[in-house]
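2 protein chains.
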Amino acid sequence: MSPHSSFRSDWFSPAWFQKPRLLCGLMTGTSMDGVDAAVVELTSADGTPDGIHSIRLLANFTKPFPSGVVEQLAQLAANKPLGGGSSAPLSLAHTGLASVYADVREVCAAAGVAVSSLAAVGSHGQTVWHQPKAEQFGGQVGGDGQIGGYSVRSTLQIGSAPTLAQLLGVTTIGDFRAADVALGGQGAPLAPMFDYQFLRKPDENIIALNLGGIANITVIPAGAAEQDVIAFDTGPSNLLIDASTMKFFGKRYDSGGSIGQAGRVLTRFMDALKEEPYITQPPPKSTGRELFNMEFLNAALKFTYLDAQPAEDAVRTVTEFTAWSIAENIRLFAVGKRLNATFPTRIIASGGGIHNACLMDALRHELPAMTLDTTATQGIPPDAKEAMFFAYFAYRTLGGLHSNMPSVTGASKEAVLGAISLG
Amino acid sequence: MSPHSSFRSDWFSPAWFQKPRLLCGLMTGTSMDGVDAAVVELTSADGTPDGIHSIRLLANFTKPFPSGVVEQLAQLAANKPLGGGSSAPLSLAHTGLASVYADVREVCAAAGVAVSSLAAVGSHGQTVWHQPKAEQFGGQVGGDGQIGGYSVRSTLQIGSAPTLAQLLGVTTIGDFRAADVALGGQGAPLAPMFDYQFLRKPDENIIALNLGGIANITVIPAGAAEQDVIAFDTGPSNLLIDASTMKFFGKRYDSGGSIGQAGRVLTRFMDALKEEPYITQPPPKSTGRELFNMEFLNAALKFTYLDAQPAEDAVRTVTEFTAWSIAENIRLFAVGKRLNATFPTRIIASGGGIHNACLMDALRHELPAMTLDTTATQGIPPDAKEAMFFAYFAYRTLGGLHSNMPSVTGASKEAVLGAISLG
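For the protein sequence lines, the chains are W and B, in the order given.
Heads up: the first sequence begins at 21 in my numbering, then just goes up one per residue.
Heads up: the second sequence begins at 21 in my numbering, then just goes up one per residue.
Have a look at this one:
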């Protein structure tokens, strides 16, 4: 490719938005089971940066990681010493993961998309550390502990973008979270910009609900401006349900929600779960596996569960609690505060939890005045959504637009995210 | 700054070369003693990418690292477990180092250079791992050892560029070596592109000689084209001299070369040193501390050094051996093969070794037909040279030009180096 290709001369200029652009997004989530890829066409309706953006999915697929890759990544993310050292295994995994991602070339070809037709790849990489709370760097250990040094908040995604750019021959953007963290933000969530751009309606309140391990919502009032958007973690989603099926059935998850559907709610257990203060704590807030895990489940079960009751009842109760925790956050922090009462409200769900019919039914029961469907109705297959994020953020970066929402992440200002390596 | 600033619309386009550009380069070398910074103005003589580039140093300085930073970096680079984990300390140092680099803001201000006037910062970062030999990633351990997986060659420089870009508010380019490694190159040396651009002459053969821990040369025949340039490590420079002053005098280096100047050459010791086969091995070749260290010195001394001889003689001999090893490489692999016999040859030295008068005199004695001076005569203070590299490579990257030389690194092709984070 010429060093002054037509692609590049359009970057960071309004001209970038004058044509439809083909991009690929790559995502490797905390489950570390493989790379999700999405090839999309992005368009600005009026050919300007401020025009309404639309996204069209051309292909998507998941390529499972070889088991050796999963093991090496899990060790890095668990922050355990690997191979006796610190830098070498991380360097190897950082570059090695780019080689794994480069296999997307074959899958693209199979889907009829030539890699050379891509304007860019947006690659999230694999998070191996995310610590938006300040730590000390470079201080000296004095008589009274650590002194001096720099107060640092850090996040680290591996999967070398300059390497991937050369392996694919396509400009690759990675490292999307560091800029927001440097500006005092949490570096997450990034979904709200995507939700705002592609799900907002002039005459309907939208709540984008992601049912991953943790449940999080993006609240987009009817006709909202960007700064009206809020987003936060409501509490557990699949994490606690999975813990209950593992404990009582030895199964990794409740497939289709059938176990939950076979049980009944245990009132005392439900009451114990509802005592968790996180649920009613006002946003901004975020949570994770460190709170909603097997210990949490066992603590709530301790005085409430009787062996005489069917195990399905426990799973049902956890599922209903999960739905309640989401609904309670919507009732407390969206209805009457954020949502425009003139218009109806639609919840648009994505994430693995959408396949749990017991959870989805419970949500509908909790929020009867709202419509609940999935992003599939908006042309966004729930399984492709996260990979689509990073294709879209790459599109914004090359157009010189920010992708973080300071109202959501807490950053001091907007930033054009990522580090661009030319292919 | 506007998302469509005039700077950005010139990137990757010939327009980038139409105006002088102000850039800052940051370098942290293997000595890990601090950050070297250089602020330069870059210009293309005829305003095109192919014009003769010139570089003018406006300010340079070294900011020593706080001792706590040195310790944490040394542990990472030594590949020792740090704080019991692998990802967290590396993430902290990666981001923390960007905070350290951001102090350049104050030093720039003191030098009368407003950070906001910089078009970009080029930051090498701190190398914590460099392994251009293939390792296995993601394979499974089978009965016969590691099977499957990916063959990976990796390099890792820390000092988060997206973080630095936000802290300074200036576009920052980092990660300059990964692309060349991904293309099968060694990711080093990068100096030859700089040497070629700023030291070449139509009517003089130029040998750029860097006297760091290791000595390396860039050979630029009179009137050479880019692909005529070769570069390689000739063997030890300061490493072995420093080892000898440490062993015999407890000093970290021979200040000014005065110890060496007080001694005489020990012939049997010299002969033992000259037996090292690396010196006469044909290029391409590279070496390091793993060969030229205290053990190497002790092995050569074993049967040759008598306590009755003055210790200064040992230092003198090592210094003369160092000069001989450089000269021998020039005689074997440049004279008569690369250099144009019609024109004279000038050696232009940089690196800490230029301050060792004993070494410089020995070089002049070894190569009487050549002129020896330092980069200072070319407007490039030897102490600022490496930081100037990364200002220049950032300039090339934003102009869409490659900075690696495949004839030198062994990469399969040229690449626009680095990852660009917008400030």
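Just so you know, even glycine gets a beta-carbon here, dropped at the ideal spot from N, CA and C.
Since the structure is predicted, the reported quantities are computational estimates derived from the model, not experimental observations.
{"Query": "Cβ of W/Trp36 within 7 Å of any chain B Cβ", "Result": "no"}
{"Query": "Simplified DSSP assignment, three categories, for B/Gly104", "Result": "With a pLDDT of only 44 at B/Gly104, under the threshold of 50, the placement of this residue in the model should not be trusted; the figure read from the coordinates follows. Note: B/Gly104 maps to coil in three-state DSSP."}
{"Query": "Cβ separation of B/Pro212 and B/Ala242, assumed to be a contact under 8 Å, to the nearest whole Å", "Result": "Not quite, the Cβ-Cβ distance comes to about 16 Å (not below 8 Å), so this is no contact."}
{"Query": "Residues bridged to W/Ile400 [DSSP beta-bridge criterion]", "Result": "DSSP, once it has assigned bridges, lists no residue as partnering W/Ile400."}
{"Query": "Interfacial residues, the region 67-88 of chain W to chain B, with Cβ spacing under 7 Å", "Result": "Pro86, Ser87 and Gly88"}
{"Query": "Test: B/Ser111 CB closer than 7 Å to a CB of chain D", "Result": "Reference to chain D is not applicable here, since the protein chains of this structure are W and B."}
{"Query": "Buried versus exposed, by CB contacts within 10 Å (16 or more), B/Gln146", "Result": "buried"}
{"Query": "Three CB pairs or more closer than 8 Å across the region 324-331 of chain B and the region 364-381 of chain B", "Result": "no"}
{"Query": "Cutoff 6 Å; reference W/Val141; Cβ partners in own chain excluding five residues on either side", "Result": "Cys44, Val190 and Thr192"}
{"Query": "The region 201-215 of chain B in contact with the region 418-433 of chain B per 3-pair CB rule at 8 Å", "Result": "yes"}
{"Query": "Status (buried if at least 16 other CB within 10 Å, exposed otherwise) for B/Arg351", "Result": "exposed"}
{"Query": "Bounding residues of the beta strand (DSSP E) (the contiguous stretch that carries B/Leu352)", "Result": "Run containing B/Leu352: none in the beta strand (DSSP E); it sits in the alpha helix (DSSP H), Ala331 to Phe353."}
{"Query": "CB contact check: W/Trp149 to chain B, cutoff 7 Å", "Result": "yes"}
{"Query": "Minimum Cβ-Cβ distance from B/Tyr170 to chain W less than 7 Å", "Result": "yes"}
{"Query": "Through-space distance from B/Thr63 to B/Leu260, alpha-carbon basis", "Result": "39 Å"}
{"Query": "Chain B contacts from the region 185-203 of chain W (Cβ-Cβ distance under 8 Å)", "Result": "Ala185, Gln186, Leu187, Gly194, Asp195, Ala198, Ala199, Val201, Ala202 and Leu203"}
{"Query": "4 or more residues per run - each alpha helix (DSSP H) lying fully within the region 365-395 of chain B", "Result": "377-386"}
{"Query": "C-beta atoms of W/Ile346 and W/Thr287 nearer than 7 Å", "Result": "no"}
{"Query": "Beta-bridge pairing of W/Ala58 - partner residues as DSSP gives them", "Result": "W/Gly45 and W/Asn80"}
{"Query": "Paired residues, beta bridge with B/Asp253 - DSSP", "Result": "B/Asn236"}
{"Query": "Partners in chain W for B/Val124, counting only beta-carbon separations shorter than 9 Å", "Result": "Within 9 Å Cβ-Cβ: nothing; B/Val124 doesn't reach chain W, min ~14 Å."}
{"Query": "Distance between B/Ser74 and W/Ser51 (C-alpha atoms, nearest Å)", "Result": "51 Å"}
{"Query": "Cβ of B/Pro182 within 7 Å of any chain W Cβ", "Result": "yes"}
{"Query": "Local Cβ density within 10 Å of B/Ile367, reported as buried at 16 or more and exposed below that", "Result": "buried"}
{"Query": "Nearest neighbour of W/Trp344, chosen from W/Asp291, W/Arg416 and W/Leu326 [CA to CA]", "Result": "W/Asp291"}
{"Query": "Outcome for B/Ser423 when other beta-carbon atoms lying within 10 angstroms are tallied against a minimum of 16", "Result": "buried"}
{"Query": "Chain W contact for B/Phe323 (CB, 7 Å cutoff)", "Result": "no"}
{"Query": "Best match in W/Gly71, W/Pro40, W/Ser180 and W/Ser87 for proximity to W/Leu78 [C-alpha to C-alpha]", "Result": "W/Pro40"}
{"Query": "Interface residues of chain B facing W/Trp31 [CB-CB closer than 9 Å]", "Result": "Arg28, Ser29, Trp31 and Phe32"}
{"Query": "Neighbourhood of W/Gln206 by C-beta distance below 7 Å, restricted to the same chain and skipping five residues each side", "Result": "Pro152, Ser306, Thr429 and Gly430"}
{"Query": "Test: W/Phe157 CB closer than 7 Å to a CB of chain B", "Result": "yes"}
{"Query": "Chain-ordered chain B contacts of W/His114 [CB-CB under 7 Å]", "Result": "Ser174 and Leu176"}
{"Query": "Bridge partners - B/Phe413, DSSP secondary structure assignment", "Result": "Answer is none; B/Phe413 lacks a bridge partner."}
{"Query": "Cutoff 7 Å: W/Leu210 Cβ touching any chain B Cβ", "Result": "no"}
{"Query": "Exposure label - W/Gly104; buried when at least 16 CB within 10 Å", "Result": "Note that W/Gly104 scores 44 on pLDDT, short of 50, meaning its location in the model is unreliable; the coordinates nonetheless yield the value given after this. Exposed is the call here."}
{"Query": "Per-residue DSSP class, three states only, for B/Gln151", "Result": "strand"}
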